[in-house]
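When we follow the numbering used here, the leftmost residue of the sequence shown carries the number 62, and every step to the right adds one.
Glycine is no exception: its CB is placed at the ideal position from the N, C-alpha and C atoms.
Heads up, the thing below is written out as structure tokens.
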Amino acid sequence: MKFLVINGPNLNMLGIREPIVYGSQNFAALCEFIEQSCRDLGVDCELYQSNHEGDIVDKIQAAYGNFDGIIINPAAYTHTSVAILDALKAVGIPTVEVHISNVMEREEFRHHSFVSYAAVKTFMGHGFEGYRMAAEFLKGYIEGGQ
Ligand code: DQA
């Protein structure tokens with residue numbers, strides 16, 4: 062089983078960026094955490110980060126036929142991007158959405174997610190742990206053939 066894990070804009074700035082909201086660990090630590098979580102589950106994963114909406118769309122399109130599941134933290138594009146939503150719907154790969162912070166407890170403009178329309182599940186407000194929860198859920202979801 063192989064997962065594509067996508068992180069959107071500004072997540073490469075973890076550790077520097079608003080530590081009160083996102084914690085003090087940096088992006089390299091997040092990548093290590095995700096890779097270890099997938100290894101523990103016996104799942105292969107490829108990590109991808111981009112600050113560019115079109116590049117994320119291209120990556121999702123290229124995932125067609127190559128990945129069993131997608132874990133995505135679309136970051137700010139969560140709240141704006143119909144293009145990323147449409148790409149996820151186009152490829153039809155089971156997708157779980159993750160947010161490090163609890164977007165529902167933040168500004169109102171963060172309460173709506175376009176990506177949620179394509180995601181089978183969303184984990185928010187669990188910090189890095191949300192990615193592990195997403196990988197575990199996605200593995201079970203795919204194995205269950207739901
Ligand atoms: C985020 C929440 C988004 O609202 C924000 O734009 C991000 C990160 C999170 O992981 O909590 O960049 O997706």
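To the nearest whole angstrom, what separates the beta carbons of residue i and residue j, a pair I think is in contact under 8 Å?
{"i": "Y138", "j": "P70", "result": "7 Å"}
{"i": "F189", "j": "L108", "result": "The pair is not a contact, with the Cβ atoms about 13 Å apart (cut-off 8 Å)."}
{"i": "I67", "j": "I133", "result": "4 Å"}
Is residue i buried or exposed, if buried means 16 or more other CB atoms sit within 10 Å of its CB?
{"i": "A136", "result": "buried"}
{"i": "N127", "result": "exposed"}
{"i": "F234", "result": "Here the chain has residues from 62 to 207 only, and residue 234 is not among them."}
{"i": "Q110", "result": "buried"}
{"i": "A124", "result": "buried"}
{"i": "A196", "result": "buried"}
{"i": "V143", "result": "exposed"}
{"i": "R100", "result": "exposed"}
{"i": "G191", "result": "buried"}
{"i": "K63", "result": "exposed"}
I'd like to confirm the pairing. Which residues does DSSP put opposite residue i in its beta bridges?
{"i": "D101", "result": "The partner list for D101 (beta bridge, DSSP) is empty, contrary to what the question assumes."}
{"i": "V159", "result": "F184"}
{"i": "N134", "result": "N68"}
{"i": "L108", "result": "V66"}
Could you tell me the boundaries of the beta strand (DSSP E) in which residue i lies?
{"i": "L65", "result": "63 to 68"}
{"i": "F184", "result": "182 to 185"}
Which residue marks the beginning of the alpha helix (DSSP H) containing residue i, and which one marks its end?
{"i": "G201", "result": "190 to 204"}
{"i": "F84", "result": "Per the sequence shown, residue 84 should be read as Gly rather than Phe. Segment: none, G84 is in no alpha helix (DSSP H) and carries neither H nor E."}
Validate contact between the region 161 to 168 and the region 114 to 124 using beta carbons, cut 8 Å, 3 pairs: As far as the Cβ criterion goes, the region 161 to 168 does not touch the region 114 to 124, which means the pair count is below three.
Contact between the region 77 to 87 and the region 144 to 152 (3+ Cβ pairs under 8 Å): For the pair of segments examined, the region 77 to 87 was found not to touch the region 144 to 152: the number of CB pairs separated by less than 8 Å stays below three.
Contact the region 172 to 187 vs the region 151 to 161: 3+ CB pairs below 8 Å: Counting Cβ pairs under 8 Å, three or more are found: they touch.
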